[in-house]
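Student: Please see the structure below; I have some questions.
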Amino acid sequence: MAQLYKWSTDEQIDQLKQFLAHNGPTTASLLGYILSTGKCESDAPGKSVIWTSHADPFHTTDIVVWIIDSDHRIRFFVTSEIELNFKEMTPDAAILANKASYPDELPAYFTHTEDEALYKRSLQVVEAFLTLYMDQRYGADKGVLYHDTCLLWAPIFHKLFTINIDTPCYIFSRQASKPVDPIKLPANYTIDSLKPSDVETVVTKNKIPYEARYVLDCFRISTAIRTGDGELVAWGMTHRDLYVGALHVLPEYRRQGLAEILVMDLCRQYADFFRAQLPTVPLDQLYAGACVETFNNASAGLFKKTGFKAHGLGTTWIHCCRK
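Going by the UniProt record's numbering, the sequence shown wraps up at 323, each residue one higher than the last.
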């Protein structure tokens with residue numbers, strides 16, 4: 001029978017950090033979220049509540065579900081993702097994930113029998129836990145956004161809930177220990193970080209209408225390229241979960257390699273962040289991450305060019321409510 005266990009002490013949170021740090025890259029964005037707690041004014045410390053499906057989650061071979069509930073959104077993680085994301089999948093798995101449409105009877109997702117068996121067991125655990133969680137925490141009517149949820153579990157969401165939004169994305173990761181290309185700016189450009197005075201520009205140019213307060217939080221790890229007279233012409237920032245975010249180069253300044261420079265400088269800053277936050281964890285176990293909509297070939301190409309690799313089916317943002 002599914003149960004909820006609250007995970008809240010400093011010792012427990014540190015255990016979770018270490019577990020996530022040693023099981024990347026699948027765990028990279030969840031680790032980034034945990035490490036960023038207390039550094040983002042728009043998502044204040046103490047606001048999130050962490051739940052798990054097991055009383056002793058780090059000393060079991062069982063499939064364990066984790067939920068971080070921030071009231072306005074939920075992060076959802078299943079430990080079998082760590083293994084399944086790197087197993088050989090069938091073409092049907094990717095087709096269904098990209099369409100965000102699932103039949104009542106799923107086709108095989110994995111080519112090997114033992115991997116498919118693990119996936120089927122995981123689906124059963126996920127269904128039981130999600131049913132319990134939504135019943136106890138939200139009742140029948142309140143909709144909620146499940147943030148950055150592995151596409152392996154999307155069929156269960158579609159089975160249990162009314163889906164209002166489902167936005168599949170590819171996940172890219174880059175080992176933090178991987179060498180960063182030297183920054184070679186074209187003449188008459190400077191590079192620094194985004195400043196509070198840049199918030200309006202970033203908000204108005206971004207295709208997703210983020211709140212100004214959230215965008216300012218994202219400037220804590222950021223890169224800005226400016227002309228000699230100080231005009232902001234290219235930038236990138238860091239989301240709450242350490243995903244590279246809002247990369248943008250003004251149209252008249254494109255095709256000069258500025259986007260690649262932004263990514264490389266952000267990767268350098270991520271390595272510095274990890275050294276400060278997790279000094280005992282080797283950088284080859286930690287990862288920079290990015291998510292890209294499945295239709296955005298240009299962004300996918302940029303991350304591949306700068307040393308990122310895609311893994312698993314990807315992730316999605318699902319807004320749902322009980323049927």
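The beta carbon of each residue, even a glycine, is placed where N, CA and C say it ideally should be.
In three-state terms, what does DSSP make of F110?
Tutor: Three-state result, F110: strand.
Student: Would you mind reading off the limits of the beta strand (DSSP E) that contains R220?
Tutor: It is not in any beta strand (DSSP E) - R220 carries neither H nor E in the DSSP assignment.
Student: Tell me where the beta strand (DSSP E) around S173 begins and ends.
Tutor: Where S173 is concerned, the enclosing beta strand (DSSP E) stretches over F161 to Q175.
Student: Where does F76 sit, in a helix, a strand or coil, going by DSSP?
Tutor: F76 falls in the strand class under three-state DSSP.
Student: By alpha-carbon positions, which one of Y210, S193, L35 and I163 ends up nearest to E200?
Tutor: Taking only the C-alpha atoms, the option nearest E200 is Y210.
Student: Under a three-way DSSP split, which group does I82 fall into?
Tutor: Helix, per DSSP.
Student: Would you mind working out which of R226, Y5 and K195 sits nearest N188, comparing C-alpha positions?
Tutor: Answer by Cα proximity: R226.
Student: Whole-angstrom Cβ separation of F303 and I221, contact assumed at under 8 Å?
Tutor: Contact flag wrong, Cβ pair sits at about 17 Å.
Student: Specify, as a first and last residue, the run of the beta strand (DSSP E) that V244 falls within.
Tutor: Per DSSP, V244 belongs to the beta strand (DSSP E) from V244 to V249.
Student: Whose CA, out of P103, E83 and H158, lies closest to the CA of D92?
Tutor: Closest option to D92, Cα to Cα, is P103.
Student: Could you check which residue in T61, Y170, Y119 and W51 has the C-alpha nearest to that of L130?
Tutor: It is W51 whose Cα lies nearest to the Cα of L130.
Student: Where do the N-terminal and C-terminal ends of the alpha helix (DSSP H) with E260 fall, by residue?
Tutor: Counting along the chain, the alpha helix (DSSP H) containing E260 begins and ends at L258 to Q277.
Student: Alpha carbon to alpha carbon, what distance is there between M237 and L250?
Tutor: Answer to the nearest angstrom: the Cα atoms are 15 Å apart.
Student: Determine the direct distance from the alpha carbon of E231 to that of P45, and round the result to whole angstroms.
Tutor: Residue placement at P45 cannot be trusted, given a pLDDT of 46 that sits under 50; what the coordinates show is reported in the next sentence. If I take the Cα positions, the gap works out to 35 Å.
Student: How is H147 classed by DSSP in three states: helix, strand or coil?
Tutor: Note: H147 maps to strand in three-state DSSP.
Student: If we call anything under 8 Å between Cβ atoms a contact, is A16 one with W7?
Tutor: This sequence places Leu at residue 16; Ala is not what is there. Against a cut-off of 8 Å, the Cβ pair of W7 and L16 comes out as a contact.
Student: Rounded to whole angstroms, how far is the Cβ of T294 from the Cβ of C150, which I believe are closer than 8 Å?
Tutor: No, T294 and C150 are not in contact; Cβ-Cβ is about 14 Å, not under 8 Å.
Student: Going by the CB atoms, is the gap between C321 and F161 shorter than 8 Å?
Tutor: Cβ distance < 8 Å, so F161 and C321 count as in contact.
Student: For D292, which residues does DSSP report across the bridge?
Tutor: In the sequence under discussion, the amino acid at residue 292 is Val, which differs from the Asp named in the question. In DSSP, V292 forms a bridge with Y170.
Student: Since I believe A128 is in contact with A2 (beta carbons under 8 Å), could you give me their beta-carbon distance rounded to a whole number of angstroms?
Tutor: Rounded, the Cβ-Cβ distance is 4 Å, consistent with contact.
Student: Using the Cβ count rule (16 or more neighbours within 10 Å means buried), how would you classify H158?
Tutor: The residue in question, H158, is buried, as its Cβ has 16 or more Cβ neighbours within 10 Å.
Student: For H59, count the other beta carbons within 10 Å of its own beta carbon; 16 or more makes it buried, fewer makes it exposed. Which is it?
Tutor: So H59 ends up on the exposed side.
Student: Smallest Cα separation from L242: which of A290, D265 and D284?
Tutor: The residue with the shortest Cα to Cα distance from L242 is A290.
Student: From F219 to V126, what distance separates their C-alpha atoms?
Tutor: Cα to Cα, the separation comes out at about 35 Å.
Student: So T315 is in the beta strand (DSSP E); what residue range does that whole segment cover?
Tutor: Run containing T315: T315 to R322, per the beta strand (DSSP E) assignment.
Student: With contact counted as at least three CB pairs below 8 Å, one residue from each stretch, are the segment 171–180 and the segment 260–270 in contact?
Tutor: Contact between the segment 171–180 and the segment 260–270 is present, because at least three Cβ pairs lie under 8 Å.
Student: Among residues of its own chain, excluding the 5 on either side of T26, which ones have a beta-carbon nearer than 6 Å to its beta-carbon?
Tutor: If we look at T26 and ignore the five residues flanking it on each side, its Cβ neighbours are E81, I82 and N85.
Student: Kindly say whether W51, judged by its beta-carbon, lies nearer than 8 Å to any beta-carbon of chain C.
Tutor: Chain labels in this structure do not include chain C; a single protein chain is all it has.
Student: With a CB to CB cut of under 6 Å and the five nearest residues on each side skipped, what residues in its chain are close to I256?
Tutor: Residue 256 is actually Gln in this sequence, not Ile. The residues are P186.
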